[in-house]
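By the working numbering, the letter at position 133 of the sequence shown is numbered 190, and the numbering carries on one by one without gaps.
Note that the Cβ used here is the ideal one computed from N, Cα and C, for glycine as well.
Owing to the predicted nature of the structure, the values given are computational and were not obtained by experimental measurement.
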Amino acid sequence: MSLSTTLNLWPTQSYVTVNFRPPTFDVTKTGETQSGLILINPVLNPLNKSDLDAAVSAIGPVQASACGIFTEGGQLVWQGPYAFAEDSTFPPLFSTNLMVQEYMGKPVLTYWQGVRKSHGVAYGNITILDDTYTPITTICPKLNLITSPSANLTDLACFGDSHELFITPSNTLIVSAGNLTTMDLSPIGGPSVGYVYDSQFYEIDIASGDIIFSWSSVASGIPITYSKFIPGVNSGTGLNSSDPFDWFHINSVSSVGDGYLVNSRHCWATWYLNSAGEVEWRIEGNNTEGQSDFVVPKEANFRWQHHARVSNYTEKSAVLHYFNNRFDEFADKNVASQSNGLQLSLNLVDKTLVVEKILNDSAYHGFSDSQGSFSPLENGNTFVGWGAITRLTEFGPGGNDDVRLRIQFGYDDTANSYRAYKQSWNATPAWDPDVVGVNNTAYMSWNGATDYTAWVIYTGINESDLVEVATVQRGHLFEISYPISSNARYLKVAAFAGSTFMRNSSLVTVEPSY
């Protein structure tokens with residue numbers, strides 16, 4: 058079902074069995090891809106009130122934010138928590154960081170959900186689901202934070218930030234956070250007592266909720282002059298507690314070896330900390346004097362970057378990769394550089410590096426001013442989520458000349474997904490399949506189920522006399538339909554994996570045709 062093109066809203070999918078409105082995927086596949094599912098958190102950008110009212114009037118509730126798992130062909134697999142933009146110009150809740158991680162030796166699904174307040178700072182909780190989508194735990198970080206009065210957090214108690222949730226091999230959770238404090242801003246032309254967001258991260262024991270480790274960008278001693286941001290209307294003036302300056306902007310943290318990898322969007326820099334929080338090495342994307350242990354070749358300069366991660370780490374070397382925005386919301390696209398996926402091989406002994414990948418998708422010519430992700434895949438491919446641009450690209454080992462998959466799930470500047478992943482996930486929900494009988498047709502779906510292959514359909518003229526009438530292959534569809542007799546009054550379906558029974562739906566009454 059398409060939304061009004063006059064409102065520049067992307068087409069969505071709709072169903073009979075469930076009230077979901079995920080985006081339609083525009084897919085171009087040109088080569089062999091990594092097997093797996095697509096995990097995104099589509100968020101509809103703010104609409105003005107008149108456009109929102111028109112959209113709701115024309116097509117009903119506009120799904121504005123959601124957790125979603127899809128096949129690479131765009132079929133929905135699982136619709137998680139979502140919000141409809143009916144009552145405001147922006148959903149009160151949104152979600153990020155839907156991904157498969159490992160906890161206690163088993164794959165789990167994780168996501169953050171909360172509210173965005175100001176200058177990219179958000180507050181919320183983290184949910185961990187097992188492979189039945191049953192919550193293992195919901196972590197509501199009770200942190201001793203000071204918040205800006207403008208954040209209006211009287212209704213909130215959870216202080217986990219939206220940018221990072223990382224489960225470590227030790228079964229702890231790393232989560233980012235923002236604290237209001239003061240800092241001397243005079244070196245960058247601000248007040249000597251200026252108000253700032255202090256980017257922090259916490260390592261939390263998932264089982265007990267105890268804080269294992271914490272780190273503060275302000276307390277670390279990183280100079281304010283490292284920030285490439287300038288206090289102002291769009292970044293926070295720092296003149297009062299209601300308008301703090303977002304000088305650091307932490308947007309990714311992960312455990313690496315015995316330490317931590319910390320990324321700052323606004324400093325264009327990444328630090329590797331040891332287990333005590335002391336800096337072991339640092340890399341800055343613009344080769345600013347005194348701010349980096351490495352020299353980054355000009356073609357690989359990174360700015361406003363996201364999703365810093367290390368793989369193949371040893372004491373002597375590491376592979377470091379980013380989504381390299383190279384661009385922010387205040388830059389001029391006429392002179393800015395295109396965003397890219399960037400992979401660097403670091404020699405940690407002599408502090409030299411080799412550029413391994415600079416991934417640009419020529420079909421997009423994208424300038425992503427925020428968000429984004431870069432994920433190496435098991436088969437040698439690389440999966441890039443373009444953040445503020447509603448597009449995903451899977452590159453083969455050949456790089457820019459070897460694009461295997463392109464997906465678009467929204468018009469540019471109308472929606473986004475903070476990160477995007479392609480991962481393996483197998484799940485059998487705790488809930489039963491859904492079925493609806495209407496207009497001599499059975500409609501069936503099972504939200505979140507990955508492994509069933511077929512439906513067996515039963516109908517009858519009374520509840521106790523159901524007859525098997527058909528076996529229908531699922532294919533890769535989220536919801537399928539099948540014609541049933543006009544005499545059918547009751548309907549039930551059963552999901553099968555091959556010849557193995559999995560689950561029945563409830564028994565429903567068939568709605569009469571008119």
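Taking DSSP as the reference, what is the three-state secondary structure of residue i?
i       : result
Asp-13  : The requested residue 13 is not part of the displayed model; the chain covers only 58 to 571.
Thr-238 : strand
Pro-206 : helix
Thr-90  : coil
Pro-244 : helix
Thr-557 : strand
Val-458 : For the record, residue 458 in the displayed sequence is Asp; it is not Val. Asp-458 falls in the helix class under three-state DSSP.
Val-250 : coil
Lys-355 : helix
Thr-195 : strand
Asp-255 : strand
Ala-264 : coil
Thr-485 : coil
Val-113 : helix
Cys-394 : According to the sequence as given, residue 394 is Ser; it is not Cys. DSSP places Ser-394 in coil when its eight states are reduced to three.
Ser-563 : coil
Thr-282 : helix
Ser-419 : coil
Ser-425 : coil
Ser-107 : helix
Ala-445 : coil
Glu-413 : strand
Tyr-468 : coil
Phe-216 : coil
Ala-190 : With the sequence shown as reference, residue 190 is identified as Tyr, and Ala is not the correct amino acid for it. Three-state DSSP puts Tyr-190 in coil, outside helix and strand.
Thr-371 : coil
Gln-170 : strand
Ser-473 : Inspection of the sequence shows that residue 473 is occupied by Asn rather than by Ser. Three-state result, Asn-473: strand.
Between which two residues does the beta strand (DSSP E) containing residue i stretch?
i       : result
Tyr-478 : 477-480
Arg-78  : Per DSSP, Arg-78 belongs to no beta strand (DSSP E) and is neither H nor E.
Arg-383 : First-last for Arg-383: undefined, no H or E at that position.
His-363 : 363-368
Pro-288 : Taken as a continuous stretch (DSSP letters only), Pro-288 belongs to no beta strand (DSSP E), as it is neither H nor E.
Ser-432 : 430-433
Arg-158 : A quick correction: the sequence has Gln, not Arg, at residue 158. Counting along the chain, the beta strand (DSSP E) containing Gln-158 begins and ends at 151-160.
Gly-137 : 133-141
Asn-228 : It is not in any beta strand (DSSP E) - Asn-228 carries neither H nor E in the DSSP assignment.
Asn-504 : Here Asn-504 belongs to no beta strand (DSSP E), and DSSP marks it neither H nor E.
Glu-536 : 536-540
Glu-335 : First-last for Glu-335: undefined, no H or E at that position.
Val-178 : 178-186
Thr-69  : It is not in any beta strand (DSSP E) - Thr-69 carries neither H nor E in the DSSP assignment.
Ser-274 : Ser-274 -> no beta strand (DSSP E), and no H or E assigned at all.
Arg-546 : Where Arg-546 is concerned, there is no enclosing beta strand (DSSP E), given that its DSSP letter is neither H nor E.
Asn-297 : It is not in any beta strand (DSSP E) - Asn-297 carries neither H nor E in the DSSP assignment.
Phe-127 : 120-127
Asn-308 : 307-313
Look up residue i in the DSSP assignment and give the residues it is bridged to.
i       : result
Ala-326 : Ser-321, Glu-341
Val-495 : Thr-498
Asn-512 : As written in the sequence, residue 512 is Trp, which differs from the Asn given in the question. Note: Trp-512 sits in a beta bridge opposite Val-529, Ala-552.
Lys-163 : Tyr-160
Thr-85  : Arg-463
Leu-200 : Answer is none; Leu-200 lacks a bridge partner.
Val-524 : Thr-516
Glu-451 : Phe-440, Leu-462
Give every residue of the same chain whose Cβ lies closer than 7 Å to the Cβ of residue i, excluding the five residues on either side of it in the sequence, and list them in chain order.
i       : result
Tyr-370 : Val-313, Gly-314
Asn-417 : Gln-395, Asn-397, Asn-457
Ala-527 : Ile-514, Tyr-539
Asn-343 : Trp-325, Asn-358, Arg-360
Between which residues of its own chain and residue i is the CB-CB distance below 8 Å, once the five residues before and five after are set aside?
i       : result
Pro-454 : Gly-437, Asn-438
Met-156 : Leu-96, Leu-166, Thr-167, Tyr-168, Arg-476, Tyr-478, Gln-480
Thr-239 : Val-250, Gly-251, Tyr-252, Val-253
Sorted by chain position, which residues of the same chain lie with C-beta nearer than 6 Å to residue i's C-beta, five sequence neighbours on each side aside?
i      : result
Asp-83 : Gln-465
Val-73 : Val-493, Tyr-500
### Message
Is it the case that the stretch 309-316 contacts the stretch 327-334, given that we only count it when at least three CB pairs across the two stretches are under 8 Å?
### Response
yes
### Task
Inspect the CB distances between the stretch 472-488 and the stretch 88-101 and report whether three or more fall short of 8 Å.
yes
### Query
Touch check for the stretch 116-127 and the stretch 520-530: three-plus C-beta pairs under 8 Å?
no
### Query
Per the contact definition of three or more C-beta pairs closer than 8 Å, is the stretch 349-358 in contact with the stretch 304-312?
no
#### Entry: At least 3 beta-carbon pairs within less than 8 Å: the stretch 228-241 vs the stretch 213-220
In short, these stretches touch, since the Cβ pair count reaches three.
### Query
Are the stretch 368-382 and the stretch 482-495 in contact at 8 Å, needing three or more beta carbon pairs?
no
#### Entry: Cβ pair count under 8 Å reaching 3, the stretch 488-498 against the stretch 531-548
yes
### Message
Count Cβ pairs between the stretch 271-285 and the stretch 236-256 that sit closer than 8 Å; are there 3 or more?
### Response
yes
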